[in-house]
Amino acid sequence: MKKGIRSRKHRNHFHRRNAPGSSPGTLMIDPQAPRPKIKVTAYSPESKIEDAVPDVESIRGYLSKWPVVWINVEGLGDAETIRKLGQLFDLHRLALEDVINVHQRPKVEIYKSYYFIVVRMADLRDRLETQQLSIFLGKNYVLTFQETESNRFDPIRARIHDKGGRIRQSGADYLAYAILDSCIDNYFPALEKYGEQIETLEDKVILRPGNQFVSEIHEMKRDLLILRRAVWPLREAVNSLIREPSQLITDETRIYIRDCYDHTIQVIDLLENYRDIAGDLIEVYLSSISNRMNEIMKILTIFTTIFIPLTFIAGVYGMNFKNMPELNWKYGYLFALGIMAALAAVMLIYFRKKGWLGASSRLGTF
Amino acid sequence: MKKGIRSRKHRNHFHRRNAPGSSPGTLMIDPQAPRPKIKVTAYSPESKIEDAVPDVESIRGYLSKWPVVWINVEGLGDAETIRKLGQLFDLHRLALEDVINVHQRPKVEIYKSYYFIVVRMADLRDRLETQQLSIFLGKNYVLTFQETESNRFDPIRARIHDKGGRIRQSGADYLAYAILDSCIDNYFPALEKYGEQIETLEDKVILRPGNQFVSEIHEMKRDLLILRRAVWPLREAVNSLIREPSQLITDETRIYIRDCYDHTIQVIDLLENYRDIAGDLIEVYLSSISNRMNEIMKILTIFTTIFIPLTFIAGVYGMNFKNMPELNWKYGYLFALGIMAALAAVMLIYFRKKGWLGASSRLGTF
Amino acid sequence: MKKGIRSRKHRNHFHRRNAPGSSPGTLMIDPQAPRPKIKVTAYSPESKIEDAVPDVESIRGYLSKWPVVWINVEGLGDAETIRKLGQLFDLHRLALEDVINVHQRPKVEIYKSYYFIVVRMADLRDRLETQQLSIFLGKNYVLTFQETESNRFDPIRARIHDKGGRIRQSGADYLAYAILDSCIDNYFPALEKYGEQIETLEDKVILRPGNQFVSEIHEMKRDLLILRRAVWPLREAVNSLIREPSQLITDETRIYIRDCYDHTIQVIDLLENYRDIAGDLIEVYLSSISNRMNEIMKILTIFTTIFIPLTFIAGVYGMNFKNMPELNWKYGYLFALGIMAALAAVMLIYFRKKGWLGASSRLGTF
Amino acid sequence: MKKGIRSRKHRNHFHRRNAPGSSPGTLMIDPQAPRPKIKVTAYSPESKIEDAVPDVESIRGYLSKWPVVWINVEGLGDAETIRKLGQLFDLHRLALEDVINVHQRPKVEIYKSYYFIVVRMADLRDRLETQQLSIFLGKNYVLTFQETESNRFDPIRARIHDKGGRIRQSGADYLAYAILDSCIDNYFPALEKYGEQIETLEDKVILRPGNQFVSEIHEMKRDLLILRRAVWPLREAVNSLIREPSQLITDETRIYIRDCYDHTIQVIDLLENYRDIAGDLIEVYLSSISNRMNEIMKILTIFTTIFIPLTFIAGVYGMNFKNMPELNWKYGYLFALGIMAALAAVMLIYFRKKGWLGASSRLGTF
Amino acid sequence: MKKGIRSRKHRNHFHRRNAPGSSPGTLMIDPQAPRPKIKVTAYSPESKIEDAVPDVESIRGYLSKWPVVWINVEGLGDAETIRKLGQLFDLHRLALEDVINVHQRPKVEIYKSYYFIVVRMADLRDRLETQQLSIFLGKNYVLTFQETESNRFDPIRARIHDKGGRIRQSGADYLAYAILDSCIDNYFPALEKYGEQIETLEDKVILRPGNQFVSEIHEMKRDLLILRRAVWPLREAVNSLIREPSQLITDETRIYIRDCYDHTIQVIDLLENYRDIAGDLIEVYLSSISNRMNEIMKILTIFTTIFIPLTFIAGVYGMNFKNMPELNWKYGYLFALGIMAALAAVMLIYFRKKGWLGASSRLGTF
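Protein chains in written order, with this note's numbering: chain A, 35 to 400; chain B, 35 to 400; chain C, 35 to 400; chain D, 35 to 400; chain E, 35 to 400.
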């Protein structure tokens, strides 16, 4: 079952639905994708409204009335809806294609009248997955596409609800920033989980190394690779939002995006940190295993090298030769036992001198 | 047999046919290369034509009549044909030499009246191979050279066939883009295969490590290296198509090539991902082997250390000394067996305390 | 207990207190943070004053009277105080948020009327921790925030006390430099400690490799990673202080900051050096372990291969067959012992030829 | 003997003949270097001449008469000759010193009236060595210095001989290009050899790992490092020939040098490829060794754990106690044998369940 | 004793004498540093003078009379002398501090009227150490500070002595170049030593791997790291001497410094080369050890698996059962010996088939 989950995820991660050679901009819908639900949130400093909208056409009304309109689409299972939204906002067909092919790298593409921003959101359930969030930022609207329904942006809606908040005083660019910032901040809990997992593994790997840890470490490294692919390009993307001159983003908002950039760097920092530590863990594991093996070998060697000569002596006096004078000695038996004891003592002293017996006892307190 | 295939491929990968010191631009034909077949596809928004052309001269007619002419040459086995094509389109002799020496890195070279683009196409049969595709993009023509006949570009021909399609409305630059894009998209199925192979190996390497996996992993890493050499330079090449100002490529097409660039980055991303994971796999394998060895050593040590002292005692009482009082005790035999049982019990308790027996039973469920 | 310390520290290192999606610039106080104590140090070339200040308002007086005012806040446990300071100096809310979220990377942010500098200070008690120091440098003031009370800056206060000192002759920019420089110089003792630890480990790992060293090395590498995260970004930050043209920093002070930059590079150099050596140590450890195992195996093999054939011979003459002529030979016993001695001698010569016995004796002097 | 060869080569690789502190530009001749032989090849589109020249002065005549003069010096064993050449062409003393100290990295130095180009030529005899080729390119001459006599440039002389060839139509810059290109192309056969060696090693290392492969791989990696040092700087050097504006090189020749640059990149590509694969080979070797050891340990463990208990039982019934009831049973012997058989069967079943016996038989077909 | 030396050196390598927070530019003298000796060498094309100078003041006379004055200070044990020199030449206090804190990285700092150049000189006695050389280059003087007395610069003095030499014809910049060049050339003998050590280790590690090599390799790698820290920054420093426009350095001297830069690159090249090879050596060592262990295990396994079954059979016929028919057979003894011989033969054939015996005999010639 676990296998199944992993396979599915992996395949997801690079399956492009359009066949090689097919026309670019083709909107090929994943048959399993949920049908889109459209939510419109429109606000001005004075007032705000939040509606579920049945069809694309009815959005037009909001756009003409409100200074900032946020259209949030959850689910990508209907090409028609997405095409209509593309027409309504005059979006490029390649951008629309990227909305639907949900395996894009994070990026910022600058079109004449809008920005197209792609972010990956960490989704930490059983195993790590990342979902694509596509953001179109125009003069007075923000259009977001999520793969599935979620309550991820409820805190932002709450801030819009709060009349005195800065978000209500600002334009669409600030809203886009808020959404972006919330996505980036969502990486911190995911990283926190990996931080804890690493600590647990660190303790376990040294105390009782076992094969299951190797696969745990390996899976964690793979997950961190997935996160890495999701976050590294984000850095460049967010940076281009700060640098590119544009009328869509005010200078004040740029300062906020700079903060966002800082957070991205922090995420990357932690990520690389964990990757380094996880990389070390395998080495630590191998060292622990080697050390264990060493201890086992010592025990085996101590036992074998002590008893093998003794057994040999016993064997000698178990021979059935007619003429073996010792056998008839009065204290022959004691003599034999004495030789054995002496041999054993010599061996033990030798091993103690080599520090093996000490090591072996240290092993007990291990 | 397998050896033979590999050797051949490898040698192919760096054998340059021209001897060092020979004149540049010499068209030295590989004697095993198939003879060229020329196909011309010409189209305007209103109409289109597709012909197999017997000789180079007859191409001239198409060039004067149609706004976009695509000349596709399959097979590089005839220097004469290629030289004539070079004269017809006024191509540089060094570019022609690169067409024939099919081990070029992907690149874009900008000549005055045309672009020379080299791409490597992934060819996933038994083992991975890459073939060279050479593209000349001029004002109103696209000239492509493939190493062998193939139906790789049938989807593009289908799109040309479709009268309403964007490709029919656009110029030669868009056609070149479509060809390039189809080549890049062809890497995804190849990568998909490696993704699956990695997953299979991940499971197997941990469950039952064996030497055959090492060579499988090693071969996969080598294949990924080949892919890497084919894709990394592509990034820079495609980027130069976007950046270089030129009248051959329209701004609209540049947006499409930017999409192409995105796909190249995605391919590189996945590739590096797989390389990282494959690199880890060897470590995982070594850890599994070490762990196995550890378990084997434990079993050996448990058996040996328990039985060796017992055997020694049996040996002692097998000695033939005249004067061994225990031998004549009534319950001497039971006494000896008792000592043995006690010794064995002590050892077992010791090993249980060290957790070896538990580990050993865990081993059973491994 | 040690576990607890480590866990806490780690968690600290990435716990962001603001929930994802919450408004930026929210001053969310860590409930365990100590309440702020404000100390004001103001000076001119002629005179100086040093006061503990009860509330923020009373700072205003110093600012109007003195050419350089240093406000040092120790403890971040009161949002109100920090907000008031922000209003007094007209600081950006994002900068204030960064003051309180004490897990920032070192950075320099340039605002219109002030610089915002974040540094991490090494704190070497039981285990390495880094604390955040936030510096605001304005026209005539330096405002610093520390996480906890400390006497770290006493040497600087002593230099301010010294009337003839350069610091008294200079402006706020020189004071900020002095604070920054003292933070960077504080890394040297921390590194010194790691240098000594590495030397100790180097000796121990080779002489008597044990599992505890693996975790020691691993912890040290992790600590060095923490230091690295604290120092690397500092380089860029300090460099931006040198490069950015600004009226807040005089050319003369820039020369001093260049010196500061040099020290940062030295810290980074040493750090990378130690990281390289520590990385090697694991390899050295593994080699030592392997070598030990080799010696153990040799001993085991020598003993076993010598005694097993002898024991076999003893076993043969211990058989109870009726018709075993040797048993009745007069010197049968001596004959058997002779064969055994001969066999043992052959084995010993063989091992000496292979150099094992020499190696084994060398092992004694090991 | 082999040792001697290697040592010599190595020492060569960094021995600088001038003592530290000695005056720069000192022409310190290697006493073992062969005496220089000067060959002059002069040509115009219409005619050509090729002479061995006894002394430097007689070159002057060629320079005044022919549009392109190639002076090729083979052997660096006479300071006087080289100094005179330096005077004749007005070469900088540091350049001349570099000609004689034949351990320069490839580089291009641009002087006012000439280019000074240093290339390393791969020399693949028993072991890899690289020789230095120094090229001076002036307005109408090319002056080349080789360490020893060779027929390396015969193909170029043949091309000069060919009246219709491009080389005869072009200037000195094209000749310099031809020489450079021939040097770079000479790396391909060397790489081909390493490619084949890697393939051989790949097969052998997995099938029958032995210690000799480790040193073979190690030597190959070292050779590849030597090649690397010879080729990497070449890339930058050739690139500077393309980029630097100069009247000595025509635009047409620049296109040819661009081709040369492509070849350099191809060489680097292959080189890095082989280095990666060779790096993997050590890992593969270690895995194979570990796997072998595992199999050996299994066999040892199977044998020991089966026979040790049996031998113990035999030992018990070999004891000489008076009162051992089983000894007098009628079928006591059979009873003992039965127990032994049962025990052995149990062990075998256990090992079969663990898959060891299967593995062991698989081992046979290994 | 060896320990002591190492510790001292290490500590040296990062001990900064000024406490964190102390005033910059404080001249804190190392109490163990030797007292400074000042030597003045002044020259013009026509004449030259060389004097030991008792105090700083008397230098003033030379400066006014001679076109080039070289003041060489050996020993840094007196703050007063250094401070006076600073006043005489108007040197920045931070530069003077760097002269005394002899753990600077190589660097070039450009002040208005002079250059401040720091280089590290390799000092190859028992173990590698680097000493700091501080150079001030002014209009008509070169001021150098060495840590201890040395005859390192005698060759340069000899060149000054030589009336016709270039150094006498040139200015202070050429003298500074000559000093710098001599420092860089001094790295070659140090590298030569490591090159030889590596070769020796390569042979030894494969032939008879022992633990002492691990620490030898480890120490060598650490030494190479020290060299690396001394040389890498030199590259950038020397490069800045070439690039920075300045009236202190003539164009002609720049060409010489370019040569110096080339040598630096060569040193770096060799260094990285040796680091790569040394890094490989540990792997080679581990492989050799693994291989040895494998051979030992084979011998152990062959012996054990052959003799254990034989001993078992002997044990069986040593049992004391009344009713053991074989014991009474006439040829029972021969029968038993026959079975044993057959078993041994079977085992030997099995091992020969597995190639172990061949391997074992190969082992003898190892």
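Glycine residues also receive a C-beta, built at the ideal position from the N, C-alpha and C atoms.
Where H297/E and D196/E are concerned, what is the direct C-alpha to C-alpha distance, given to the nearest angstrom? Against the fifth sequence, residue 297/E aligns to sequence position 263. Against the fifth sequence, residue 196/E aligns to sequence position 162. Rounded to the nearest angstrom, the two C-alpha atoms are 25 Å apart.
Let me see if you follow: with CB-CB separation under 7 Å, is G38/C close to chain A or not? As a working mapping, residue 38/C is identified with position 4 in the third sequence. Because the pLDDT at G38/C is just 36, under 50, the model does not fix this residue reliably, and the point stays unresolved.
Using 7 Å as the threshold, is the C-beta distance between A53/C and L110/C below it? Against the third sequence, residue 53/C aligns to sequence position 19. Against the third sequence, residue 110/C aligns to sequence position 76. No; because the gap between Cβ atoms is not below 7 Å, this pair is not in contact.
Cβ shell of I72/E (< 6 Å), same chain only, five flanking positions each side left out: For the purposes of this step, residue 72/E is identified with residue 38 of the fifth sequence, where counting begins at 1. Excluding sequence neighbours, I72/E sits near V87 and V107.
Just curious, the alpha helix (DSSP H) that I10/D is in, first and last residue? Outside the shown range of chain D, which is 35 to 400, sits residue 10/D, and nothing can be said about it.
What in chain A is Cβ-close to Q300/B, meaning under 7 Å? Here residue 300/B refers to the residue found at position 266 of the second sequence. Ordered by position in chain A, the residues that pass the 7 Å Cβ test against Q300/B are R139.
What distance in whole Å lies between the Cβ atoms of L119/E and S177/E, which are believed to be in contact at a cut-off of 8 Å? Position 143 of the fifth sequence holds residue 177/E. Position 85 of the fifth sequence holds residue 119/E. According to the sequence as given, residue 177/E is Leu; it is not Ser. That pair is a contact at about 7 Å.
Check distances from the C-beta atoms of the segment 327–344 of chain D to those of chain B and list, in chain order, the residues that come in under 8 Å. M327, N328, M331, K332, L334, T335, T338, T339, I342 and P343
Exposed unless 16 or more other CB atoms sit within 10 angstroms - verdict on V318/B: Counting from 1 along the second sequence, the entry for residue 318/B is found at position 284. Buried is the call here.
When the Cα of H252/C is compared with those of D132/A, D215/A, N273/A and G313/A, which residue comes out closest? Position 218 of the third sequence, counted from the start, is the residue given in the question as residue 252/C. When each option's Cα is compared against that of H252/C, the closest is G313/A.
What did DSSP end up calling A67/E once you bin it into helix, strand or coil? The residue you call residue 67/E lines up with position 33 of the fifth sequence. The answer is coil: DSSP assigns A67/E none of H, G, I, E or B.
Find the nearest neighbour of R309/B within the set Y228/B, Q300/B and I283/B, judged by alpha-carbon distance. Looking up residue 309/B in the second sequence gives position 275. Residue Y228/B is the option with its Cα nearest to R309/B.
Which of helix, strand or coil DSSP assigns to T284/D: As a first step, residue 284/D is located in the fourth sequence; it is residue number 250 there, counting from the start. Three-state DSSP puts T284/D in coil, outside helix and strand.
Looking at the C-beta of Y290/E, does it have a partner C-beta in chain D at a distance below 7 Å? Residue 290/E sits at position 256 when you count from the first residue of the fifth sequence. So yes, Y290/E belongs to the interface.
Partners in chain C for S324/A, counting only beta-carbon separations shorter than 8 Å: In the first sequence, residue 324/A corresponds to position 290, counting from 1. Within chain C, the residues near S324/A are L320, I323, S324 and M327.
Assuming K173/E and L282/E form a contact by the criterion Cβ under 8 Å, report the distance between their Cβ atoms to the nearest whole angstrom. Start at 1 with the first residue of the fifth sequence, and residue 173/E comes out as number 139. Start at 1 with the first residue of the fifth sequence, and residue 282/E comes out as number 248. That belief holds up - the Cβ atoms of K173/E and L282/E are roughly 7 Å apart, short of 8 Å.
Rounded to the nearest angstrom, what separates E306/D and L171/E at their Cα positions? The residue given as residue 306/D occupies position 272 in the fourth sequence. The residue given as residue 171/E occupies position 137 in the fifth sequence. Near 43 Å, if we compare the C-alpha coordinates of L171/E and E306/D.
The beta strand (DSSP E) that contains M9/D, what's its start and end? Because chain D here runs from 35 to 400, residue 9/D falls outside it and cannot be looked at.
Opening and closing residue of the alpha helix (DSSP H) in which N362/A lies: As a first step, residue 362/A must be located in the first sequence, where it is residue number 328. Start and end: P359 to N362.
Would you mind telling me which residues of chain B sit closer than 7 Å to K255/A, beta carbon to beta carbon, in chain order? If you number the first sequence from 1, residue 255/A lands on position 221. Residues of chain B passing the Cβ test: D314.
Under 8 Å Cβ-Cβ, which residues of chain A neighbour G120/B? By 1-based counting over the second sequence, the position of residue 120/B is 86. Correct list: empty, because the minimum Cβ distance to chain A is about 28 Å.
Listed by chain order, chain A residues near H126/C by CB distance under 9 Å: Within the third sequence, residue 126/C is the residue found at index 92, counting from 1. I289, listed in chain order.
Compare the C-beta of S216/C against all C-beta atoms of chain E and say whether one is closer than 7 Å. What you label residue 216/C is simply residue 182 of the third sequence in a count that begins at 1. Output row for S216/C: interface = yes.
Between R277/E and chain C, is there a C-beta pair that is closer than 7 Å? On the fifth sequence, residue 277/E is found 243 positions in, with the first residue counted as 1. So, not an interface residue.
Let me confirm a value: L61/E is counted as buried when at least 16 other C-beta atoms fall within 10 Å, else exposed. Which label applies? Here residue 61/E is taken as the residue at index 27 of the fifth sequence, counted from 1. It counts as buried.
Under the three-state DSSP convention, the category S81/A falls into: In the first sequence, counting from the first residue as 1, residue 81/A sits at position 47. Looking at S81/A - three-state DSSP - the assignment turns out to be coil, as it is neither helix nor strand.
Separation of Q180/B from V152/B, as counted between CA atoms: Against the second sequence, residue 152/B aligns to sequence position 118. Against the second sequence, residue 180/B aligns to sequence position 146. In a straight line, the C-alpha of V152/B is about 11 Å away from that of Q180/B.
Would a check of beta-carbon distances place M358/C closer than 7 Å to chain E? Reading the third sequence from its first residue, position 324 is the one you call residue 358/C. Judged by the 7 Å Cβ criterion, M358/C is in contact with chain E.
Would you check if the segment 186–201 of chain A and the segment 239–247 of chain A touch, i.e. whether three or more CB-CB distances between them fall below 8 Å? no
Alpha carbon of A156/C to alpha carbon of N185/A, nearest angstrom: By one-based count along the third sequence, residue 156/C stands at place 122. By one-based count along the first sequence, residue 185/A stands at place 151. Cα-Cα distance, rounded: 41 Å.
DSSP three-state assignment for I181/C, whether helix, strand or coil: Locating residue 181/C in the third sequence gives position 147, where the first residue counts as 1. Note that residue 181/C is Glu in the sequence shown, not Ile. If DSSP states are grouped into helix, strand and coil, E181/C belongs with coil.
Within the segment 150–225 of chain D, note down every full alpha helix (DSSP H) run reaching 4 residues or more, in order along the chain. 188–195, 200–203 and 206–219
Is it true that the CB of I340/D sits closer than 7 Å to the CB of M381/D? Within the fourth sequence, the letter at position 347 stands for residue 381/D. Within the fourth sequence, the letter at position 306 stands for residue 340/D. Result yes, Cβ atoms of M381/D and I340/D sit closer than 7 Å.
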